[in-house]
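Protein chains in written order, with the working numbering: chain A, 8 to 242; chain B, 447 to 549.
Every residue gets a Cβ at the ideal spot worked out from N, C-alpha and C, and that includes glycine.
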Amino acid sequence: MRHEILKGMKDAIPICAGYLAVGFTFGMAAVSQGITIGGATLISFTNLTSAGQFAGLTVIAAAAPYIEMALTQLVINLRYALMSLSLSQKLDSSVSRLQRCVIAFGITDEAFALVSTQEGKVGRYYIYGVMSVCIASWTSGTFFGAAASSALPASFSSALGIAIYGMFLAIIIPPAKKERSIAAVIGIAVILSSALYWLPGLNQISPGFAIIICTVLASAAGAILHPIKEEEMCS
Amino acid sequence: MNFYIYVIIMAVVTYLIRMIPLVLVNRDIKNTFIKSFLYYVPYAALASMTFPAILFSTTEMAAALAGFAVAVFMAFREKGLLLVALGACITVFVVEQAMGMFL
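This is how it looks when you write it as structure tokens:
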């Protein structure tokens with residue numbers, strides 16, 4: 008148990024670096040919109056999501072109706088439902104329903120990246136280890152950003168900004184070397200997300216939905232072209 | 447409009463999106479298509495979140511391109527999460543410092 012928690016915390020070190028930097032930026036952005044230091048920290052502690060929180064700031068600053076806040080969060084964060092569904096097949100049988108409710112709070116893009124690509128089933132302690140680092144770094148990063156009177160040096164925050172993407176690449180490239188079907192799914196996803204980013208018309212789609220569209224289409228293509236056999240699922 | 451009500455709405459909507467599928471689907475899915483689909487979801491999601499977003503993650507896009515190249519190279523050599531992330535960060539830092547000296 009302790010070993011699993013520590014392994015999760017160790018794997019989450021790259022996330023910690025990225026969350027401190029982005030959390031810091033969120034804290035500064037929140038304060039510049041007139042939110043208190045405590046308020047900014049509270050948002051990060053209770054939401055644990057970056058894009059949704061930045062969008063939330065805009066809604067709060069505009070004093071928009073509450074329903075608009077709910078819809079904004081739904082659209083931007085709907086990708087988590089897909090990740091949750093994927094993780095529902097990844098947890099080992101010892102994880103109870105109540106424990107699933109706890110784990111659900113910690114499903115971020117980055118935590119999902121770590122947990123979903125572990126070999127075989129995953130127990131709760133590993134996830135608790137990952138979650139604890141995510142929550143601590145995201146919340147404290149926000150606090151420091153909100154409390155700081157000046158921004159992080161630009162060179163510093165710029166360098167940390169790429170940390171999470173480096174981690175994502177380190178997660179997806181090694182399995183892609185071993186399995187051509189995974190490499191193909193990655194290729195399709197990259198082509199689709201580039202098209203949704205750069206092609207006129209398609210680039211009107213919000214980033215949150217763009218990720219859902221790319222993920223669904225590329226995964227479905229993989230499932231059609233190369234269905235997984237039982238023994239491969241465990242690897 | 448109350449700040450705390452906004453925060454509660456944000457937190458509750460975000461939590462429910464994460465919680466409902468994880469709690470409702472608590473049995474192993476047998477359907478081969480859905481199993482295969484879910485098997486590929488992490489790779490598809492991470493790939494589409496990484497590119498092209500990685501290009502805009504730094505101040506200078508040239509530095510991001512260099513960091514991206516280094517990360518891909520190190521990931522191919524299976525250097526592990528922390529080293530690859532660190533390699534990308536250091537590359538971005540060095541390239542941006544170098545650009546600052548010349549431009």
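Under a criterion of Cβ atoms nearer than 8 angstroms, the residues of chain A adjacent to residue 449 (chain B) are, in order, 42, 46, 67. Chain-order list of chain A residues neighbouring residue 479 (chain B): 230, 231, 234, by C-beta distance under 8 angstroms. Sorting A:102, A:26, A:120, A:103 by C-alpha distance to the C-alpha of residue 178 (chain A) places A:120 at the top. Boundaries of the alpha helix (DSSP H) harbouring residue 188 (chain A): 187–205, taken from the DSSP string.
In terms of CA proximity to residue 172 (chain A), B:514 leads the group B:525, B:514, B:488, B:541. Less than 8 angstroms separates the beta-carbon of residue 91 (chain A) from that of residue 114 (chain A). Taking C-beta atoms as the reference points, residue 460 (chain B) and residue 56 (chain A) count as a pair closer than 8 angstroms. The Cβ atoms of residue 162 (chain A) and residue 548 (chain B) do not sit closer than 8 angstroms to each other. Residue 465 (chain B) has a beta carbon lying within less than 8 angstroms of a beta carbon in chain A. By the rule that beta-carbons nearer than 8 angstroms mark a contact, residue 132 (chain A) does not touch chain B. Interface annotation, residue 96 (chain A): in contact with chain B, CB-CB separation under 8 angstroms.
With a beta-carbon spacing of about 6 angstroms, residue 85 (chain A) and residue 463 (chain B) fall inside the 8 angstroms limit used to define contacts.
Residue 94 (chain A) sits close to residue 122 (chain A), with the two beta carbons spaced by under 8 angstroms. Contact between the region 27–44 of chain A and the region 219–235 of chain A is absent: fewer than 3 CB-CB pairs across the two stretches fall below 8 angstroms. Among the residues facing chain B, residue 200 (chain A) is included, as its CB has a counterpart in that chain under 8 angstroms away. In the DSSP assignment, residue 99 (chain A) falls outside any alpha helix (DSSP H), carrying neither H nor E.
Sequence-distant Cβ neighbours of residue 169 (chain A) in its own chain, meaning closer than 8 angstroms and more than five residues away, do not exist here. Residue 511 (chain B) has a beta carbon lying at 8 angstroms or more from every beta carbon in chain A. Here residue 518 (chain B) is near residue 176 (chain A), since their CB atoms are less than 8 angstroms apart. In this structure, DSSP gives residue 471 (chain B) a state outside helix and strand, which the three-state scheme calls coil. Annotation: residue 482 (chain B) to residue 130 (chain A) spans about 21 angstroms, alpha carbon to alpha carbon. Annotation for residue 80 (chain A): 59 place their beta carbon closer than 6 angstroms to its own, counting only its chain and skipping 5 residues before and after. Taking the Cα positions, residue 499 (chain B) is about 29 angstroms away from residue 479 (chain B). Residues of chain A with a Cβ closer than 7 angstroms to the Cβ of residue 539 (chain B) are, in chain order, 162, 166.
Residue 525 (chain B) reaches chain A at 177, counting residues in chain order whose Cβ is nearer than 9 angstroms. Distance from the Cα of residue 200 (chain A) is smallest, within the candidate group A:214, A:53, A:189, for A:214. For residue 189 (chain A), the residues of chain B that pass the 8 angstroms Cβ criterion are 486, 489, in the order they occur in the chain. Among the residues facing chain B, residue 127 (chain A) is not included, as its CB has no counterpart in that chain under 8 angstroms away. Counting other Cβ atoms within 10 Å of its Cβ, residue 74 (chain A) stays below 16 and is therefore classed as exposed. About 6 angstroms separates the CB atoms of residue 134 (chain A) and residue 15 (chain A); that is less than 8 angstroms, so the two are in contact. In the DSSP assignment, residue 533 (chain B) falls within the unbroken alpha helix (DSSP H) covering 527–548. As a beta-bridge residue in DSSP terms, residue 129 (chain A) pairs with A:98. Counting the other Cβ atoms within 10 Å of the Cβ of residue 546 (chain B) gives fewer than 16, which makes it exposed.
Here the alpha carbon of residue 186 (chain A) sits roughly 44 angstroms from the alpha carbon of residue 158 (chain A).
Taking a 10 Å sphere around the C-beta of residue 502 (chain B), we find fewer than 16 other C-beta atoms and assign the residue as exposed. Residue burial annotation: residue 236 (chain A) is exposed, with fewer than 16 other C-beta atoms found within 10 angstroms of its C-beta.
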